[in-house]
Amino acid sequence: MRAAVLLAGAALTLTSAWAVAQDAPESLLPKMFQDPAPTQSAAPRPRPSPVRRPATPAVSAAPATSASATPVVQALPQAVASDARSDAAAGTADSGLHLTRLPTIEELAKMSPEDFESLIGRKVEFDMPPQARRAMSAVGVFDSSEGGLASDSLARANADLVRLALAGDKGRLVSRWGHIALRRALLSRLSAPPGMSPQDFLALRVALLLRMGEYDAARALLQGIDIANYSPAIVDQTLAVYLGTADMTGICPVMATQGSLRDDSEWDAARAICEAYRGNSTSALSRLDRDMRKGDMPRIDVLLAQRYAGAAGQSRRAVTIEWDEVKDMTPWRYALARAVGIAPPASLMKPNAQRYDAVTALAPMVGLEKRAGAASRAAQSGVLSNAALVDLYAQLYADPDTGDTWQGRAEQLRDAYSLTASADRIAAMRSLWSDLGRSGNAYGGAVLTAAAAARILPSADLASDAPDLIGSMLSAGYDANAARWSRVVERGSRAWALIALSAPSGANAASKGDVDSFVNADDSAGKRQAGFLVAGLAGLGRLPRSTAMSYSNDLGLVLDGETRWTRAIDAAADRGDAASVVILAGFGMQGSRWQRMTPRYLFHIVASLDKVGMGAEARMIAAEAIARTG
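Per mature numbering (1 follows the signal peptide of the UniProt record, and there is no 0), the sequence shown runs over residues -21 to -1, 1 to 609.
Rendered as structure tokens:
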């Protein structure tokens, strides 16, 4: 019971610190960049402004306490539980326990759960009183009053389709805003669709968050249920969750009560680590020695486990980690190496760098410069917010041990905020974009400078810089600031297209002449930008359907073509099922670059999101398609 309560407490701690998520409030000036802000500056807004819709409930800044909120715990049962002493007596009578000698307290303390079960001849159940148990009906981190989706969103969904979309999503999306929307849906307090157990639904969500690189989010979601409710499907994801956060001891409460639900070499090694941290390090190391001799686990994996386990207790065994024969960097190796303070060889990390970007960016033990190198890619994908990225650069700026390269980048970001002349601030941003772009993180650079770009006052003299500035603003949702540039940019230009798609209000609707100008000037391959503009405007209802279909025919977009996926997402939107829409949108946005996205799919994604009240996300995705397509 104590382990389960501690685990629940850890979940509350995690859920209170979502500073890395994009939907966190944005700070316009980094905390450590203390120069005064320019006297004339815009007032950026932290996130895209949702279009007002009568049917969409307002989102409260604080958790609601109304009766309509989803309960965290089950209601107290009506019947009074039987007397605990009678139950205990009955359990003793049924256990068939016959001991020739009672174990000492010290011997009991060193026993593993399996040893204790063997001793008393029955399975140990660590139960909690009914009033302390959490319901499985709607599991998640936040409910609709806190920005999540409606708990009954999937009440009419097809369980097989939801399972297919969750299990078939590889986790890498072309759209940063698509990633953010999908994370929001997966973390919402949702009830499982009819025909799917709550445990299976939770396991599918946790697994997808892991594939997305959202390890902290996956851990928060996993810790939203009592360990007593774990199923084999959930346990299959548990080790990956704690490896992603480099916290092997975090899994120990699960081992104590549900350790028998899985049996493989890594699980057994993790069990031995938990035994060491329970105060029985000698026995744990002996078990790992046996694993080494049996050869069921690669030598490097056992050595890392011994190094981790050896940090507990009095057995100060020296364990030398040798990487000479290692050919690949696995999650087990990277997690334990980080946890014990060992830097894996660069030759192993280089081909796997992007694989572990999200982990590295949030790992304090790897050092600021390595975190910064991974952070731009993590922000580009949607794992990190502009605020989190700026805070990291502020730490680089303040650290006297930062190397010249990263110190220079931190100083450039400071200049982008604090220089007096707008042209000088834009020059600092362009230097950062170019520098990060050479390492393939161009859009990560745009996320980094989003708040700084939002501080630039619109001016006709800066119209040539407008497309890049607006693209940077919109990467973090500063849509109102971007809309202010509508009076200085040329209609039919790329900057105009970004504003036409992202503006909170459709008052400045696109005319056919404006779209014609954009189409004629578009020099992207296959006029992809023009196709995305038409698809986005049509999906948002900012272009008449007849006009959109005319462009569709001229550009070969086939916006009215149907597939099984388009029919599924349209049907989910028609019944108001926001969760299914987001899950299917994520399934349709898989890929490493926007060239994998088609205008037809973009049209259905944007239209469906807008229809279920997620207009802000729809606008940001539509604008991102233009900003990230060359």
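Just so it is clear, CB atoms sit at the ideal spot from N, CA and C, and this is done for glycine as well.
Nonlocal neighbours in the same chain, by C-beta distance under 7 Å from Ala144, ignoring five residues either side
Ile562, Leu563, Phe566
According to the Cβ coordinates, are Ile435 and Leu427 closer than 8 Å?
no
Enumerate in chain order the residues of its own chain whose CB-to-CB distance from Asn365 is below 8 Å, with the five nearest sequence positions on each side excluded.
Gln1, Glu5, Ala358, Val426, Leu427, Ala429, Ala430, Ser454, Ala455
Considering only their Cβ atoms, is the gap separating Ala432 from Ile605 smaller than 8 Å?
no
Count Cβ pairs between the region 396 to 408 and the region 380 to 388 that sit closer than 8 Å; are there 3 or more?
no
In whole angstroms, what is the alpha-carbon distance linking Gly289 and Ala251?
11 Å
Quick one: does Leu189 have its CB under 8 Å from some CB of chain C?
The chain labelled as chain C is not found in the depicted structure, where only one protein chain is given.
Could you tell me the distance, in whole angstroms, from the CA atom of Val185 to the CA atom of Arg278?
30 Å
Can you check which of these residues, Thr236, Gln202, Val369, Asp226, is closest to Gly320 by C-alpha distance?
Asp226
Could you check the C-alpha separation between Leu183 and Gly119 for me, to the nearest Å?
13 Å
Counting pairs of beta carbons, one from the region 111 to 129 and one from the region 164 to 182, are three or more of them closer than 8 Å?
yes
From the DSSP output, in three-state form, read off Leu169 for me.
strand
Cβ neighbour criterion (16 or more within 10 Å) applied to Glu254:
buried
Near Leu218, which residues of its chain fall below 7 Å by C-beta distance, leaving aside the five closest residues on each side in sequence?
Ile230, Glu245, Trp246, Ala249
Can you tell me whether DSSP reads Val118 as helix, strand or coil?
strand
Sequence-distant residues of its chain with Cβ nearer than 6 Å to Gly471 (five each side left out)
Asp493, Ser496, Phe497
For the region 407 to 440, which segments carrying the alpha helix (DSSP H) assignment without a break, of at least 4 residues, lie completely within its bounds, in sequence order?
421 to 427, 429 to 433
Could you tell me the distance, in whole angstroms, from the CA atom of Gly518 to the CA atom of Val585?
5 Å
Does the region 204 to 218 come within contact of the region 269 to 277, defined as at least 3 CB pairs closer than 8 Å?
no
Which parts of the region 516 to 597 are runs of the beta strand (DSSP E), unbroken and 3 residues or longer, counting only runs that do not cross its ends?
none
What are the start and end residues of the alpha helix (DSSP H) that includes Glu254?
244 to 256
Nonlocal neighbours in the same chain, by C-beta distance under 6 Å from Arg507, ignoring five residues either side:
Thr608
Keeping to the same chain, check which residues put their C-beta closer than 6 Å to that of Leu538; ignore five residues upstream and five downstream.
Ser531, Arg579, Phe582
I'd like the list of long-range same chain contacts for Val141, defined as Cβ closer than 6 Å, with 5 residues on each side in sequence excluded.
Pro172
Going by the DSSP bridge assignment, what does Leu152 pair with across the sheet?
Gln569
C-beta contact flag for Arg558 and Ser587 at 8 Å:
Per the sequence presented here, residue 558 reads as Ala, with Arg not at that position. No, these two residues do not count as a Cβ contact at 8 Å.
Going by DSSP in three states, Arg113 sits in which element: helix, strand or coil?
strand
DSSP-derived helix/strand/coil call for Ser262:
helix
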